[in-house]
Structures are given as structure tokens and as C-alpha cells.
Amino acid sequence: MDLTSYDIIILPMFKHHHFYLVCFDMNCPAIEVIDNMHKENYWVLLKDNPKFLSKGTQCKVAHIFYLLERSETPKGPIYTTCSPETKSDWLGNKGKFHRLWNICHCGIFAMRHMEAYAASNKPLNCGFNKKESEQQEQIKNLRMKYAAKILLSDANLLKRKVIEDARKVANKKKVA
1 MDLTSYDIII LPMFKHHHFY LVCFDMNCPA IEVIDNMHKE NYWVLLKDNP
51 KFLSKGTQCK VAHIFYLLER SETPKGPIYT TCSPETKSDW LGNKGKFHRL
101 WNICHCGIFA MRHMEAYAAS NKPLNCGFNK KESEQQEQIK NLRMKYAAKI
151 LLSDANLLKR KVIEDARKVA NKKKVA
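Under the numbering used here, the first residue of the sequence shown carries the number 1, and numbering increases by one thereafter.
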């Protein structure tokens with residue numbers, strides 16, 4: 001497969017009931033693991049931890065073989081880890097409310113990080129508010145946005161049924 005037309009390849013990963021991203025910057029080349037978990041509570045961000053080496057390993061190995069095939073020997077370190085706060089200031093007060101063992105919103109954070117990721121050498125600005133109550137509202141809105149996109153996607157084989165059912169519900173509300 002020829003990937004030369006792509007600048008960035010982002011793979012959503014799911015392990016131990018948690019979503020995170022493995023991002024390949026084809027222009028650097030670089031590999032980043034982006035995760036919303038706090039590094040003190042989750043080993044994914046600790047690149048000196050032996051468990052990091054197995055995080056997304058099949059993807060990393062395939063990427064390195066692809067680069068070698070293209071005769072692009074990586075210059076300098078290729079693996080980096082980052083959390084969103086290392087790339088931007090969207091967390092404010094160290095993000096304590098949503099980052100300590102937060103597995104209920106990790107999919108939303110991963111989706112937003114995919115939308116915001118531009119390159120390994122650019123800041124990651126996800127646009128999250130620093131106030132907990134406002135960020136909770138943003139998460140709720142993003143959850144609805146992503147659910148709607150998935151349900152109304154042409155890839156959804158049940159899209160027509162979803163639309164029909166939504167119309168039925170909307171019509172019932174109008175009558176009542």
C-alpha cells in the first residue's frame with residue numbers, strides 16, 4: 001500500500017477498556033501516542049516504562065518497516081509519547097477532574113484529538129474549556145455530535161431505520 005499521499009495517519013486504539021491514539025507523522029517521520037490519562041496514573045505516557053514498548057507495537061513495527069522500504073531511515077528518536085497538556089494548555093488546573101482513571105470519556109477525547117491533531121511538531125489545541133462544568137457540557141455536546149455522525153453515516157447499514165425511528169419519535173412529540 002502506498003502511503004506517500006498521506007501526511008498523517010491516525011489509528012484509534014482500544015486496550016483495557018480505554019481508547020488512545022497512535023499517530024504517524026509521515027513528514028518527520030515520527031510516532032506519537034496520545035492519551036488523555038494522567039501520566040501518574042496510567043503507564044501509557046511513560047515512555048521509559050517497559051509497558052510503553054508494547055503499546056500499539058504491531059502498528060509501530062509496520063510503520064518502521066514501511067519507512068525502511070521507502071529508504072527513509074528515521075533521524076533521531078522516532079517514538080514519543082504525549083498527553084494533550086504537553087502539546088497545549090487546554091487542561092488548566094492539571095485536569096484532575098477528568099484525567100484520573102477516566103475511562104468513560106476517553107473515546108470522546110480520542111475523537112477530539114483526532115480532529116485537532118495536525119502534526120507531531122505542532123501544538124494540539126482541542127478547544128476544551130478549563131472550567132469543569134463547561135468542559136462537561138462540551139463533552140456532552142461532542143458525544144451527541146459523534147453519535148449523530150456515526151448513526152447518519154453512509155457506512156451505517158441501518159441508517160434508514162435510524163432516520164425513520166427518529167421521525168416517528170419527533171412526530172409523537174408534536175402530537176403530545
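Quick reminder that beta carbons are idealized off the backbone N, C-alpha and C, glycines included.
Everything numeric in this text was worked out from a predicted model, so none of it was measured.
Check                                                                                                 : Outcome
For alanine 30, the nearest candidate out of Asn36, Ile8, Pro12, His18 (CA to CA)                     : Ile8
As assigned by DSSP and simplified to three states, the class of alanine 119                          : coil
DSSP beta-bridge partners of histidine 17                                                             : DSSP, once it has assigned bridges, lists no residue as partnering histidine 17.
Residues near tyrosine 117 by beta carbon distance below 8 Å, same chain, minus five either side      : Ile8, Ile10, Leu21, Cys23, Ile34, Leu124
Residues bridged to leucine 11 (per DSSP)                                                             : Val22
Aspartate 25 burial status per 10 Å Cβ neighbour count (16 or more: buried)                           : buried
Given methionine 13 as reference, the closest of Cys28, Leu3, Tyr6, Gly107 once Cα atoms are compared : Gly107
Alpha-carbon spacing of histidine 17 relative to glutamate 115, whole angstroms                       : 21 Å
Contact under 8 Å by Cβ, glutamine 135 with phenylalanine 128                                         : yes
Backbone secondary structure at cysteine 104 - three-state DSSP                                       : coil
Residue from Asp2, Cys126, Tyr6, Asn121 with nearest C-alpha to asparagine 36                         : Cys126
Residues near tyrosine 146 by beta carbon distance below 6 Å, same chain, minus five either side      : Met111
DSSP state of phenylalanine 109 mapped onto helix, strand, coil                                       : helix
Cα-Cα separation between lysine 161 and methionine 144, rounded to whole angstroms                    : 18 Å
Residue interval of the alpha helix (DSSP H) (run including tryptophan 142)                           : Going by the sequence as given, residue 142 is leucine instead of tryptophan. Leucine 142 -> alpha helix (DSSP H) spans 132 to 151.
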